[in-house]
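Contents: one structure, followed by commentary.
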Amino acid sequence: MAECVFRHALPAASGHQILSAGLEAPCGAPIHPLACSALVRRGYEVPADSPATRVVTPMLDWADLVLAMETVQRLEVVRRHPVVAGKVRTLGHWLRREVEDPVRGDEAAFDATLRLIELGADSWLSALIKQPSL
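Numbering (the working numbering), first residue to last: 1 to 134.
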């Protein structure tokens, strides 16, 4: 969901490239149906070919900024890949909020998570636009 939100907020013309991956993502799995529904209801375009991907070292090396949903995930990325510690933050950093995984929740949980992702993305936009290398 965060990838769709950021792709919408930062179109390709901005020069930013956005990739999404998870620490334990089931590689190749399609987007969760409730995540897809939540995104479509909010007017986002969901790419048909967006299978789940796991975080790998080359991806982290390539990234200027790595956003984790929860502090525990940020700490795990840093534990596994200490060299990238300086560029790993949480999506809700500026909001002082965690973005919990709604995967075991219902439609309302996915909608609430999407709204929080949108708030988190908005909180990062000024930094990303002013400092493209973030």
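For every residue, glycine included, the Cβ atom is placed at its ideal position computed from N, Cα and C.
Does residue i come out as helix, strand or coil in the three-state DSSP assignment?
i: residue 19; result: coil
i: residue 54; result: strand
i: residue 103; result: coil
Closer than 6 Å by C-beta to residue i: which residues in its own chain qualify, once you throw out the five before and the five after it? Chain order, please.
i: residue 84; result: 60
i: residue 110; result: 34, 35, 38 and 102
Which one or two residues does DSSP pair with residue i in a beta bridge?
i: residue 66; result: 88
Return yes when the Cβ of residue j is within less than 8 Å of the Cβ of residue i, no when it is not.
i: residue 52; j: residue 26; result: yes
i: residue 89; j: residue 125; result: no
i: residue 21; j: residue 55; result: yes
i: residue 23; j: residue 77; result: yes
i: residue 116; j: residue 86; result: no
For residue i, which option in the options has the closest C-alpha, if you only look at C-alpha atoms?
i: residue 95; options: 113, 119, 77 and 80; result: 119
i: residue 8; options: 15, 44, 87 and 30; result: 44
i: residue 81; options: 69, 100 and 58; result: 58
i: residue 29; options: 49, 3 and 129; result: 49
i: residue 69; options: 129, 17, 114 and 127; result: 114
Output needed for residue i: all residues of its chain with C-beta closer than 8 Å, excluding positions within five of it in sequence on either side, in chain order.
i: residue 71; result: 90 and 98
i: residue 40; result: 46
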